[in-house]
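Undergrad: Going from the sequence shown to our numbering is simple: count from 1 and add 12.
Think of the CB as a built atom: it goes at the ideal place given N, C-alpha and C, for glycine as much as any other residue.
Keep in mind the model is a prediction, meaning the values are calculated, not measured.
Encoded as C-alpha cells, here's the structure I'll be asking about.
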Amino acid sequence: MADQRDRTLIEGARTQRMRLGSAMLYGRRDERRTVNDNIKRFIGSVVVAALACAVCVGISFVGDLLAKQAAEKEKAANSMIAPQKPTTAEEYA
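Written as C-alpha cells, this is what we have:
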C-alpha cells in the first residue's frame, strides 16, 4: 500500500513538473492558442489548397496539350502516307 502511494506521489510530481515546464516555455494554458494562431493555420491551409489545385490544373493542361500535339503529328503522318479518298460521286468523275 505504501508503494502505491509513493508511485502516485511521484507521478503527480512528474505531471506537475511537465505542466510547469510547458507553462514556462509556452505561457499559460489559455494563452497558448490564440485566435491569431488558428487564423494563420487557416490561411496557410487555404494557400496550400490553392497551390495544390493550381498544380493539378497545370498538369492537366500540359497533358492535354501534349495529347493534342501527338494527335496532330499522327494525323499529319497518316495524311502523308495515304492520300485521302474522295467521298462524293462528283469527285470520282
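Using C-beta distances below 8 Å, list every residue in its chain close to A89, excluding the 5 sequence neighbours before and after it, in chain order.
TA: Walking along the sequence shown from the start, residue 89 turns up at place 77. Cβ within range, chain order: n/a, list empty.
Undergrad: Does DSSP put G39 in a helix, in a strand, or in coil?
TA: Position 27 of the sequence shown, counted from the first residue, corresponds to residue 39. Three-state result, G39: coil.
Undergrad: Could you check the C-alpha separation between V58 and L77 for me, to the nearest Å?
TA: Looking up residue 58 in the sequence shown gives position 46. Looking up residue 77 in the sequence shown gives position 65. Their Cα atoms are separated by approximately 28 Å.
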